[in-house]
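Asker: Residue numbers (my numbering): 5 to 136.
Using N, Cα and C, we set each Cβ at its ideal position, and we do this for glycine too.
Since the model is a prediction, treat every value here as computed from it, not as a measurement.
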């Protein structure tokens, strides 16, 4: 979508997607440790803010730089929510139910991802049907 609107090469598109992997990896490696030191809530609330910024940046992107900023904000949000979120669930579940808590957390993330994909597919079909 953006490649056609902004007009950049396939190589640039690859760089934008590769930025996601780099940012996500860095976020996953650091956010758990930071949440151990600063607290889960104090790390997860800014991550939600980062997700909102990413949504706005993607919705208004008019350059490759804007897409890279949106990707970076997405990386921070996803990595932090996954990492610190799992730690928060483990804290709440306690030692005796830590595995069960982790299982339900992973299941919830997976089901939400599938549901999000289904919503996007349905919206695209509805838009395509209206444009005919």
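1. Would you mind reading off the limits of the alpha helix (DSSP H) that contains residue 83?
2. Within a Cβ cutoff of 7 angstroms, which residues of the same chain sit near residue 36, ignoring the five residues on either side of it in sequence?
3. Using the Cβ count rule (16 or more neighbours within 10 Å means buried), how would you classify residue 11?
4. For a quick check, are the C-beta atoms of residue 20 and residue 75 less than 8 angstroms apart?
5. Distance check for residue 27 and residue 54, CA to CA, integer angstroms please.
Answerer: Here's the rundown:
1. Residue numbering aside, residue 83 sits at position 79 when the chain shown is read from its first letter. It spans 68-97 - the alpha helix (DSSP H) in which residue 83 sits, taken as one unbroken run.
2. Along the chain shown, one-based indexing puts residue 36 at 32. 87, 88 and 91.
3. Taking the first residue of the chain shown as 1, we reach residue 11 at position 7. With fewer than 16 other Cβ atoms from the protein chains shown falling within 10 Å of its own Cβ, residue 11 counts as exposed.
4. Indexing the chain shown from 1 puts residue 20 at position 16. Indexing the chain shown from 1 puts residue 75 at position 71. Contact flag set, yes.
5. Mapped onto the chain shown, residue 54 falls at position 50. Mapped onto the chain shown, residue 27 falls at position 23. Looking at the two C-alpha atoms, the distance is approximately 13 angstroms.
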